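Numbered per this note's numbering, the sequence shown finishes at 656, counting up by one with no gaps.
In this text, a Cβ means the ideal position worked out from N, Cα and C, and glycines have one as well.
None of these values were measured; they are calculated from a predicted model.
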Amino acid sequence: MNLKKYLVRALHRLQKGPGYTYKELLVWYCDNTNTHGPKRIIKEGPKKKFIWFFLTLLFASLVFWQWGILINTYLSYNVTSSLSIGFKTMKFPAVTVCNANPFKYSEVKHLLKELDRLIEAALERILQPTPGNSSEKSSPPLDLGLWHQIPLVLIDEHDKDNPIILDIFENNQSPGGNQTTAGNETAVGNQTAEGDQTAAGNKTCSHQGSDNCTYRNFSSAAQAVTEWYVLQSTSILSRVPLQERIRMGYQAEDMILACLYGAEPCNYKNFTQIYHPDHGNCYIFNWGMDEEALNSSNPGAEFGLKLILDISQQDYIPYLSSAAGARLMLHQQKSFPFLKDQGIYAMAGTETSIGVLVDELERMGYPYSDCTMNGSDVPVKNLYSQYNTSYSIQACLRSCFQNHMIDICGCGHYMFPLPAGVDYCNNEDNPGWAYCYSSLRSSIRHRQICIDSCKETCNDTQYKMTISMADWPSEASEDWIFHILSYERDMSTNVTLDRNGIIKLNIYFQEYNYRTISESAATTIVWLLSSLGGQFGFWMGGSVLCLIEFGEIIIDSLWITVINAIGWCKGLKQKRAQARYPDAPPTVSELVEAHTNLGFQHEDAGALPRDEALPPEPGTPPPNYDSLRVQPLDGLGPDSDAE
């Protein structure tokens, strides 16, 4: 109770000057504020008072409107990009080189034998569609088990609404509209002699003999055959152990014939080997995993990396890779090379010179952009972390796709890493994997989920390349060059190399100038405060002190509200007490009079017991006063004297 009284008194002490009503407070504020306008409202006549009130209200609205725009602009967290050019000694990039062909045909021929016979027979049927013109009768019977799992078909689209689908190894025709679940795809095909528009395509079904199938159309049979062969070969190679696949690929000592970095010689032992599903064995120079990254001492071709490679084109798989050459990529240290997306080809029989320029990208993090520093805040499990490489958005997208395929199809695709406890898809263990894979790859919803889940890195280094090529070696020098290279590799005096398998690479910095593209905040808190103050000063002639005065009136209004609330609660309490006792309480005299009347009533009715008798009023003689008076002795009273 004492605390409550103390708080009420404190509120009264704080509330001095403005008064205890909202009207008095408003008049006091207008008379004492430093903001232009409110003073004129209370000091001018009726007409000018209305004009100044309207102007003050209008300009105050403009101020709040401008403040809203400025705050919204600040909260949008826009950035500006700036370009700066620097000069410094830079780290030489990591260089990954691979063969365009993943395996030696001589090593995998026994695995692909039936598949090769099947594709050769299919090509004969495509090129000689008339029965009886092929040479299949003289060859051993074909194993059509692979074919029925993922058949290669011809699609006659002369009638766009009802395309006819013809299985190459079957004579029956079926309308495509009854089997396609993903919709009919139209493709620009080759005109046949009869004028029919035909196209080749791959057919994948959820299971063998099912009508739940999807077709992938190609405008050329060459594209369809290559894609079909890749799809079938991945099913076969996925069952081969990793070490066996590495053995069947191109070895570093056979592929890297010569190496020179600046003035220092190097060899295949300076390269780190990794297995890439698309290109087999790949070799990385200056990856920085086990040793410090190398610095480039000077710009120019003589201070870069020089390589001579042998791709052994004569041992290529004929239907798997139709391009011949070396696949290479420049990337940062400790990053995984995604050659299919960012790599370039170097053609056989040429000297390829690659001049490098460096761009460093520096993005601002949250809330200015949705980038990540190391991928720890990305909800996708990075499957490429088994290589101990840094995060990249390419690794995230592929990991996301592989995770979706494992969840939906029950197995992983051969081209991507696997988590522990999961196997690659193949036709024997997973007959419907190709249909599941095709559906998932064409699903826009799953693709968008991965795009939304993955993030760009905040800091990145990009290598811009200027590429030039020339024939190498020249006709005048090829004889002695091939003799020397053949002797160094095979210790043979015979020439075992030719122009179709030799590639020379020169990789170097064009200059030491590097560009840094950095982001900075377009709006800062300093910009926001200055802009808010500028708008307030321009429209209202106010300052920070005026805002403090406005805050003061708000606090005073709150105090008045609290005091009024306390008074209202006190009045409500008194009303409740009056409702409980509708009459006024008796006074002391009324209580005494009531007790007196009660005593007289008892005398009339009979004396009360002693312990129940009421006490006499002050000044009242005790009862039976006359009987208690003392009687005089005989002869001693006044009468005796008289006698």
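Taking every protein chain shown into account, the CB of residue 454 has fewer than 16 other CB atoms within 10 angstroms, so this residue is exposed. For residue 103, the three-state secondary structure derived from DSSP is coil. Annotated three-state conformation of residue 163 is coil, per DSSP. Residue burial is scored here from C-beta neighbours: residue 549 has at least 16 other C-beta atoms within 10 angstroms and is therefore classed as buried. Across the set 523, 239, 350, the C-alpha of 350 shows the shortest separation from the C-alpha of residue 285.
Burial state of residue 582 is exposed, judged by a 10 Å Cβ sphere holding fewer than 16 other Cβ atoms. Residue 523: not part of any alpha helix (DSSP H); member of the beta strand (DSSP E) spanning 515-534, first to last residue. The C-beta separation of residue 135 from residue 181 comes to about 5 Å, placing the pair in contact by the 8 Å criterion. Every beta strand (DSSP E) stretch that sits fully inside the region 66-114 and reaches 3 residues is listed by chain position as 92-100, 107-112. DSSP, reduced to helix, strand and coil, places residue 278 within a strand of the structure shown. Secondary structure at residue 359: strand, using DSSP grouped into helix, strand and coil. One Cα belongs to residue 360, the other to residue 483, and the distance between them is close to 10 Å. Membership of residue 323 in the beta strand (DSSP E) is indicated by the continuous run 318-323. Annotated three-state conformation of residue 420 is helix, per DSSP. Restricting attention to beta strand (DSSP E) runs no shorter than 3 residues, the region 282-308 encloses them at 284-289, 293-298, ordered along the chain.
In this chain, the beta strand (DSSP E) harbouring residue 482 covers 472-484. With contacts defined by Cβ atoms closer than 8 Å, residue 262 and residue 283 do not form a contacting pair. For residue 168, the secondary structure class from DSSP, reduced to helix, strand or coil, is strand.
Within the region 537-587, the alpha helix (DSSP H) runs of at least 4 residues that lie entirely inside it are, in chain order, 538-553.
Residue 362 counts as buried, since no fewer than 16 other beta carbons sit within 10 angstroms of its beta carbon. The continuous alpha helix (DSSP H) containing residue 237 extends over residues 234-250. Annotation: the continuous beta strand (DSSP E) that includes residue 342 extends over 339-344.
Listed in chain order, the non-local C-beta contacts of residue 566 below 7 Å within the same chain comprise 38, 42, local neighbours out to five positions each way being set aside. Considering only 374, 115, 571, the residue with the shortest C-alpha distance to residue 329 is 115. In this structure, residue 519 sits near residue 319, with a CB-CB distance shorter than 8 Å. For residue 180, the uninterrupted beta strand (DSSP E) run begins and ends at 177-180, by DSSP.
Ranked by how close their Cα comes to the Cα of residue 447, the residues 307, 125, 229, 68 have 229 in first place.
Residue 509 is positioned such that its CB atom lies no closer than 8 Å to that of residue 404. Under DSSP, the beta-bridge partners assigned to residue 365 are 482, 518. Under DSSP, residue 425 takes part in a beta bridge, and its partners are 437. Membership of residue 500 in the alpha helix (DSSP H) is indicated by the continuous run 491-503.
Scanning its chain for C-beta atoms nearer than 8 Å, with the 5 sequence neighbours on each side dropped, one finds around residue 35 the residues 570, 573, in chain order. Put simply, the region 365-377 does not touch the region 403-423. Fewer than three CB pairs are less than 8 Å apart. Closest in alpha carbon position to residue 108, among 96, 61, 522, is 522. Here the region 471-480 lies against the region 376-385, with 3 or more beta-carbon pairs under 8 Å apart.
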